[in-house]
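Residue numbers (this note's numbering), protein chains in the order written: chain Y, 1 to 710; chain V, 711 to 1420. Quick reminder that beta carbons are idealized off the backbone N, C-alpha and C, glycines included. Keep in mind the model is a prediction, meaning the values are calculated, not measured. See structure below.
2 protein chains.
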Amino acid sequence: MDVPLILLVALIAGIISIGMALYFAKLVLKEDPGNERMVEVSGYIKKGSKTFLKVQYKILGIFVVVLAVALLFLPSPFEQSTTYNRLIPGALNWEQMIAYIIGSFGSMMAGYLGMMTGVETNTRSAQGCTVSTKKGFDIAFFGGAVMGLAVVGVALIGISVLYWIIPDPMIVLGFSFGASSVALFMKSGGGIYTKTADVGADLVGKAEYNLPEDDPRNPATIADNVGDNVGDIAGMGSDLFDSYVASIVAAMMLAATLSIIGTIWGTMSDAIRYTFVVFPVVLSGVGLIASLICIYLIKIKKGEDPGKLLNLGTYLATIVFGGLAAIITAVMTLGLSNEEMIFLWKLYFAVVIGLLSGLVIGFTSDYFTSDDKKPTRTIAKSAQEGDAVVILSGFSYGLLSVVPPAIGIVVAMAAAYLLSGLFGVAMAAVGMLAIVGTIVSNDAYGPIVDNARGIAEQGDLGEDVIRTADKLDSAGNTAKAITKGFAIGAANLTVLALMFSFATEANDIQSGTIDVVNLLNVDVLIGAFIGVVVPALYSALLVLAVQRNAAKMVDEIRRQFEENPKILTGEQAADFNKCIAIATKGALKELILPSIIAIAIPISVGILFGVAALGAFLTGAILSGFVFAIFMSNAGGAWDNAKKWIEDGNLGGKGTATHKASITGDTVGDPFKDTAGPSINTLLVVMSLTASIFLGFLMLFGNGAGLLIF
Amino acid sequence: MDVPLILLVALIAGIISIGMALYFAKLVLKEDPGNERMVEVSGYIKKGSKTFLKVQYKILGIFVVVLAVALLFLPSPFEQSTTYNRLIPGALNWEQMIAYIIGSFGSMMAGYLGMMTGVETNTRSAQGCTVSTKKGFDIAFFGGAVMGLAVVGVALIGISVLYWIIPDPMIVLGFSFGASSVALFMKSGGGIYTKTADVGADLVGKAEYNLPEDDPRNPATIADNVGDNVGDIAGMGSDLFDSYVASIVAAMMLAATLSIIGTIWGTMSDAIRYTFVVFPVVLSGVGLIASLICIYLIKIKKGEDPGKLLNLGTYLATIVFGGLAAIITAVMTLGLSNEEMIFLWKLYFAVVIGLLSGLVIGFTSDYFTSDDKKPTRTIAKSAQEGDAVVILSGFSYGLLSVVPPAIGIVVAMAAAYLLSGLFGVAMAAVGMLAIVGTIVSNDAYGPIVDNARGIAEQGDLGEDVIRTADKLDSAGNTAKAITKGFAIGAANLTVLALMFSFATEANDIQSGTIDVVNLLNVDVLIGAFIGVVVPALYSALLVLAVQRNAAKMVDEIRRQFEENPKILTGEQAADFNKCIAIATKGALKELILPSIIAIAIPISVGILFGVAALGAFLTGAILSGFVFAIFMSNAGGAWDNAKKWIEDGNLGGKGTATHKASITGDTVGDPFKDTAGPSINTLLVVMSLTASIFLGFLMLFGNGAGLLIF
């Protein structure tokens, strides 16, 4: 049972990727970090970011150890499995446990690497802006690429090496669970941190004392900059790391367990089955190569719009990937029977469909959040009628913006299914995430230039440089709309595929008694009911957390200004560390309850109502999570851009009542788009993986029918 | 096949109820309508309300005729049905069509009657306040009871007479569809109307010109008062009429088609089967009698809190109903076998469970929206940190408030199901709605005293009388929290029962091929996906409609103040009619798209993806609709009461920045709690009934598997 050599494509791509990441990091580090003040500020940001990660990783470490022990002693799903290609039954589930630890560690490492590069890049990009837009852009872009390449590289190396050693997707599942449980902490913790600082800084600094953004006199400015790094770089990186791995593992699991391929699967030789199981990994490797090519090709010319260039990179990566993937698919069809060949090509087209629908979802996010499109303009105009109306219209457009991506997902799902069954749906998710290298690079570029702008301000680089940095910053926002759409769409298809693979797995263990998740069964319906409520509860908890912490931050800033008036005159430096400590402590404290929910609720549903109800629970959570994630992200993005559009001098510009109302919209949108909205993805992935991982344990209760048997 | 005589209980209760309604109406009309100015204002309100209903009923008439013709020519579900107790197959579905027309007419009549009494009562209650609190309260309470009794009376007479003539629940289904399609128009149209006027009046009058609430100089004041009547009396009445009828029909359908009772059902004689089918109707009759008794018993004493008294009435009705229902159940067990008797008692306990969980849901709404409980206090306090924070905390608590009712529904569903299967779940819904007479009476009391307060203000009755009217008004709000919780919980269980009955019916026609709504089938999953999105889309459309219309209203008010400065000094009357016309036209125009959605989307899902997908669609819509309805109602209620608490002098009281922020919360909450939130119930009922009614038609497409067969 040898794993096909073609898997080397993924491993080699991963290794090249890490090499390129290191090379880019070196390139960036060679650059001039700027004047003394800039280095000082950048040093504060670095220190704050490190402190947060250190404390976070300490708690995470405990969490990982506890879960690892649980994994080791829980009944392993392998023991009950009867399918092809399973581990030998054993008392301890140590293989999956080790994979879990490696996954956790990989996720932490990718986050750390990316973030450390980010904090080194920001000051250099700011300094680069003093030379030229191109210089500033290139440095930031390479810095972002380090994160993108590290994430994908670590993921692909991890998956392919683990699968080479033990060719069972259940091992990769353990790796994925590790990645996701870390991501949940990183994403919610980082999200609470960044908005605590941002909202706190804005509420006092901007609203009460009329300080500009990133003003060094504001004690929360550094915390705000740290937040960009821990929330938007490290958090987002772990998030996409986790979606990426999960999409691959879902497809592998389905390939290994499903009889979906019907007649073909039965007649296939073991060697050829392997071809199908590794197909998602190989294609992801090809996607990484496409991303590498495009990162290399992206060169800004004078007068070019950097935002458009970033998006051009995304489109280019799509096309290059489509071509390369066709070549590798053709190579992989060698030695296949006619029927098998047709099926592999169908899977290829499912991948293409996923990729295209990812673009469609990206476009709609862009439509609903761009300041040159109708929704954001309407929201901006409604600010003229006051705070309440701007909230109502952002709320409504946010909800409306759910419709087109829903159609996109539904069409992708239907088309992929018609082509090649549930395996096809999983491959569509793999397709959406194939160019994640580009996506993460573009996304990490955003907070880097955001920070660069702050450093330019605090380092007194002058109006011109700040304007250049501003231009780069707004390019980051343009790119973000599309990458965010991609991330949400892909996560959604991925969790659906995970749900399918969970149900198939459950069915497999039960030898077919749970082959339906029938909504007409009351226990299943109850599962769906609870599932639908969870994303609402989770969002509420995160938003409340931000609000509570921001209130503490507000008190601290006010206290500093009142006790030491010299801070406001600039004669004395504000006490940044107090603010950093508040954000750090608050974020870590507040993420514990939501994290427990993500693990405890699916297990409880499984114990009480059974495995079929747990399938419905996941489905309910996925569907309502989709609505909440898109609604919150897009409403938040639109409010933000409506405010920026007004600040650009429209509708009276800064300082007007209209502007004030638009700030209210933006402040409401902040925790929507940067804390709750994006955390929902991770929540869904963690819950889905928890279901799969704890499946063997859940079979102990009424043989999978739960304690409350209906 | 004679219908059991016990059904007379429902018919007689219905007739008594109508008699009592007329008697109360006469009592109210005898009272003094107050001074000339009050009669004038009340006349304006009456005229505006009538105008709206007239135009609305005209459009509704066209809608009803079109649907009636469609019903007549569509393939009837009877033709394919094989079960017990079905109509003879025929070419035209005229029986159901006639029932549909009667249902529509009944709903319109109940709305009209209740509203007309409301507009006569308000001025008399205001005048009553000049005598004593008791007098003002009694008049308003009797006026509200007219609505409550009319709604329930018409419903019970309609159902029992129709069933007596043609003993098939499908006939009652037609009646229910008529009631619901009218309710959808009344509720969304009324909801848009009332908030157009309210938000418009507040934005200009209160915020820009500092006019108090209900100031006669504000041109939108009369439109605002009209809105209370058409939205909160007529709209809410039709809404509860429709939930009430739907809960009964769902239980009857399940009793008639299901084999849920397993072995018992098979061995039962026809006569005894009838006992079970009419059981929900009879119990509803008993509930009406309980409501009548409690309405009679409610007498306010000096110094008593009217809000507590209204809630006491609700609890009392619950207890009286529980007792009476036990007696009637005991009577109905006469002649049953031992096994049958036990089953009937189990159904009785399912009813009690429903009733209790209705109370629990009511309590939680109360907890999350009362100004003496933590959530509303926290929201009020967060207003000190500005507009954005008050929005965020209301949003979060609104989402949190979904959790306890979800637990309530889940527990009720599970317990009722364990007792007596799906029939039990349907009976729990019947139980929740059994005391709807009391619920509607208490609910209709609210807008009456709200209007009375406005008339007292405009009729210059002095500070003391206004304070008395204020007290009565705030009692209305207290009662509303509980009744609203009841209404949403009951509607939710009802639509679940309707979904079950739809699926059972589909299964019945298909002779068993659609007995599962399996989420692992991609077409079913797609159905669920679309279903989850619809309530979000619907809410967005309604909120946008309010916002668009309110903007027109704002322009009109500003225009009047600017063109005629004498309005502000009180020397010349404002042009009320222009504002009324804007609200009327806008509401009717804006409700067309949402109404089409409610009918067209379920039919399209059925045609494209089949009947099983339609079942999942309904489930998805019900679950996410539950989340949105409760979130929006409670967030809106909490913001409203937070503002009122501040206006009572807390946290600095009126005129402070905190107060201003709380007004922003209230304005955002207005369309949440009075337009979108409560309309979702009706949307869900209409969609569920559409599915059942069009089932025969949908069977034409791939024999119920849809055009896009997977």
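Go through its chain and collect everything with a Cβ distance to Y/D202's Cβ below 7 Å, but skip five positions before and after it. To locate residue 202 of chain Y, count along the first sequence from 1; it is residue 202. Apart from the 5 residues on each side of it in sequence, Y/D202 sits with its Cβ closer than 7 Å to the Cβ of T667 in its chain, given in chain order.
If we ignore side chains and look at the alpha-carbon of each, how far apart do Y/F631 and V/L1109 end up? As a position in the first sequence, residue 631 of chain Y is number 631, starting the count at 1. As a position in the second sequence, residue 1109 of chain V is number 399, starting the count at 1. Going from the Cα of Y/F631 to the Cα of V/L1109 covers about 14 Å.
At the 7 Å Cβ level, is Y/N641 part of the contact set with chain V, yes or no? Within the first sequence, residue 641 of chain Y is the residue found at index 641, counting from 1. No, no contact with chain V.
What does Y/F395 touch in chain V if you count any residue whose Cβ is under 7 Å from its own? On the first sequence, residue 395 of chain Y is found 395 positions in, with the first residue counted as 1. Neighbours of Y/F395 in chain V, taken as residues whose beta carbon is under 7 Å from its own, are V1253 in chain order.
Whole-angstrom distance between Y/C579 and V/D1233, CA atom to CA atom: Within the second sequence, residue 1233 of chain V is the residue found at index 523, counting from 1. Within the first sequence, residue 579 of chain Y is the residue found at index 579, counting from 1. Rounded to whole angstroms, V/D1233 to Y/C579 spans 51 Å at the Cα level.
Excluding five sequence neighbours on each side, which residues of the same chain lie with their C-beta closer than 7 Å to the C-beta of V/T1028? Stepping through the second sequence from its first residue, residue 1028 of chain V is reached at position 318. For V/T1028, where only same-chain residues beyond five positions count, the Cβ hits under 7 Å are L1065, L1069, I1145.
Look at the Cβ atom of V/A889, then the Cβ atom of V/V940, and state whether they are nearer than 7 Å. Working through the second sequence from its first residue, we reach residue 889 of chain V at position 179. Working through the second sequence from its first residue, we reach residue 940 of chain V at position 230. In this structure, V/V940 does not lie closer than 7 Å to V/A889 by Cβ.
Euclidean distance between Cα positions of Y/I59 and Y/Y112: Residue mapping note: residue 59 of chain Y aligns to position 59 of the first sequence, counting from 1. Residue mapping note: residue 112 of chain Y aligns to position 112 of the first sequence, counting from 1. Looking at the two C-alpha atoms, the distance is approximately 15 Å.
When DSSP labels each residue in this structure, what does Y/N507 get in the three-state scheme? As a first step, residue 507 of chain Y is located in the first sequence; it is residue number 507 there, counting from the start. Here Y/N507 sits in helix by DSSP.
Please work out which residues of its chain come closer than 6 Å, Cβ to Cβ, to Y/T82, disregarding the five sequence neighbours upstream and downstream, and give them in chain order. Position 82 of the first sequence, counting from 1, holds the residue named residue 82 of chain Y. Here Y/T82 scores only 42 on pLDDT, less than 50, and its place in the model should not be relied on; the value that follows carries that caveat. Excluding sequence neighbours, Y/T82 sits near nothing in its chain.
Kindly list, in the order they appear in chain V, the residues whose Cβ is closer than 7 Å to that of Y/V430. The sequence position of residue 430 of chain Y within the first sequence is 430, counting from 1. Scanning chain V for C-beta atoms nearer than 7 Å to the C-beta of Y/V430 yields nothing, as the closest lies near 17 Å away.
Whole-angstrom Cβ separation of Y/L283 and Y/V351, contact assumed at under 8 Å? In the first sequence, counting from the first residue as 1, residue 283 of chain Y sits at position 283. In the first sequence, counting from the first residue as 1, residue 351 of chain Y sits at position 351. Y/L283 to Y/V351, Cβ: 6 Å. Contact.
For V/N1228, write down the residues that DSSP places opposite it in a beta bridge. Position 518 of the second sequence holds residue 1228 of chain V. Note: V/N1228 sits in a beta bridge opposite Y/N518.
Any idea if V/P799 is buried or exposed, counting beta-carbon neighbours within 10 angstroms, 16 or more meaning buried? Here residue 799 of chain V refers to the residue found at position 89 of the second sequence. With a pLDDT of only 43 at V/P799, under 50, the local geometry of the prediction cannot be trusted, and no value is derived from it.
Tell me whether V/L1410 is buried or exposed, calling it buried when 16 or more other Cβ atoms sit within 10 Å of its Cβ. Here residue 1410 of chain V refers to the residue found at position 700 when the second sequence is read from its first residue. It is exposed - the Cβ of V/L1410 has fewer than 16 other Cβ atoms within 10 Å.
Between the beta-carbon of V/A1326 and the beta-carbon of V/V1244, is there less than 7 Å? For the purposes of this step, residue 1326 of chain V is identified with residue 616 of the second sequence, where counting begins at 1. For the purposes of this step, residue 1244 of chain V is identified with residue 534 of the second sequence, where counting begins at 1. Cβ atoms of V/A1326 and V/V1244: not closer than 7 Å.
Which first and last residues belong to the alpha helix (DSSP H) in which V/F1382 is found? Sequence index remark: in the second sequence, residue 1382 of chain V carries index 672 (1-based). First-last for V/F1382: undefined, no H or E at that position.
Taking Cβ positions, are Y/S338 and Y/A491 nearer each other than 7 Å? Taking the first sequence and counting its residues from 1, the one referred to as residue 338 of chain Y is at position 338. Taking the first sequence and counting its residues from 1, the one referred to as residue 491 of chain Y is at position 491. The question names Ser, yet the displayed sequence has Asn at residue 338 of chain Y. Contact flag unset, no.
Beta-carbon of V/I1236 versus every beta-carbon of chain Y: anything under 7 Å? As a working note, residue 1236 of chain V is residue 526 in the second sequence. Closer than 7 Å to some Cβ of chain Y, the Cβ of V/I1236 qualifies, so yes.
Determine the DSSP secondary structure at V/N795, reduced to helix, strand or coil. Your numbering for residue 795 of chain V matches position 85 in the second sequence. Confidence is the limiting factor: at V/N795 the pLDDT is only 36, short of 50, which leaves the residue's position unreliable and the question unanswerable from this model.
Give a yes or no on whether the minimum CB-CB distance between V/I971 and chain Y is below 7 Å. In the second sequence, residue 971 of chain V corresponds to position 261, counting from 1. The predicted model places V/I971 with a pLDDT of 45, which falls under 50 and marks its position as unreliable; any figure quoted below should be read in that light. For V/I971, the answer is no, since every Cβ of chain Y falls outside 7 Å of its Cβ.
Are the CB atoms of V/G1156 and V/V862 within a distance shorter than 7 Å? As a working mapping, residue 862 of chain V is identified with position 152 in the second sequence. As a working mapping, residue 1156 of chain V is identified with position 446 in the second sequence. No, the pair does not count as a contact, with Cβ atoms beyond the cut-off.
In whole angstroms, what separates the C-alpha of Y/N85 from that of Y/D168? Within the first sequence, residue 85 of chain Y is the residue found at index 85, counting from 1. Within the first sequence, residue 168 of chain Y is the residue found at index 168, counting from 1. With a pLDDT of only 37 at Y/N85, under the threshold of 50, the placement of this residue in the model should not be trusted; the figure read from the coordinates follows. Rounded to the nearest angstrom, the two C-alpha atoms are 6 Å apart.
Please tell me whether V/P1312 and V/M1397 are closer than 7 Å, where the distance is taken between their beta carbons. Within the second sequence, residue 1312 of chain V is the residue found at index 602, counting from 1. Within the second sequence, residue 1397 of chain V is the residue found at index 687, counting from 1. It is a contact, given that the beta carbons lie within the stated cut-off.
Beta-carbon proximity of V/S870 to V/L717, cut-off 7 Å: Looking up residue 870 of chain V in the second sequence gives position 160. Looking up residue 717 of chain V in the second sequence gives position 7. Against a cut-off of 7 Å, the Cβ pair of V/L717 and V/S870 comes out as a contact.
With DSSP run on the structure shown, which of helix, strand or coil describes V/P714? Locating residue 714 of chain V in the second sequence gives position 4, where the first residue counts as 1. In the structure shown, V/P714 falls within a coil segment according to DSSP collapsed to helix, strand and coil.
Ends of the alpha helix (DSSP H) at Y/E590? Position 590 of the first sequence, counted from the first residue, corresponds to residue 590 of chain Y. Its alpha helix (DSSP H) spans residues 576 to 590.
Quick check on the burial criterion: 16 or more other C-beta atoms within 10 angstroms. Buried or exposed for Y/V65? By one-based count along the first sequence, residue 65 of chain Y stands at place 65. Label assigned to Y/V65: exposed.
Look at the alpha carbon of V/A1339 and the alpha carbon of Y/L334, and state the distance between them as a whole number of angstroms. Taking the first residue of the second sequence as 1, we reach residue 1339 of chain V at position 629. Taking the first residue of the first sequence as 1, we reach residue 334 of chain Y at position 334. Distance between the alpha carbons of V/A1339 and Y/L334 is about 56 Å.
Rounded to a whole number of angstroms, what is the C-alpha to C-alpha distance between V/G1072 and V/P714? Position 362 of the second sequence holds residue 1072 of chain V. Position 4 of the second sequence holds residue 714 of chain V. Approximately 35 Å between the Cα atoms of the pair.
Using a Cβ-Cβ cutoff of less than 6 Å, which residues in the same chain neighbour V/K897 once the five nearest sequence positions on both sides are dropped? Position 187 of the second sequence, counting from 1, holds the residue named residue 897 of chain V. Leaving aside the five residues that flank V/K897 on each side, the residues in its chain whose CB is nearer than 6 Å to its CB run, in chain order, G945, D949, S1389, T1392.
Cβ of Y/T664 within 7 Å of any chain V Cβ: Residue 664 of chain Y sits at position 664 when you count from the first residue of the first sequence. Taking Cβ atoms only, chain V reaches closer than 7 Å to Y/T664, which makes this a yes.
7 Å Cβ cutoff, Y/Y417 in contact with chain V: Against the first sequence, residue 417 of chain Y aligns to sequence position 417. Yes, contact with chain V.
Assigned exposure category for Y/T757 - 16 Cβ within 10 Å defines buried: With chain Y represented from 1 up to 710, any question about residue 757 of chain Y goes unanswered, as that position is not in the structure.
Scan the region 1355 to 1383 of chain V for residues whose Cβ lies nearer than 7 Å to a Cβ of chain Y and list them as they occur along the chain. Result list: T1374, T1377, V1378, P1381.
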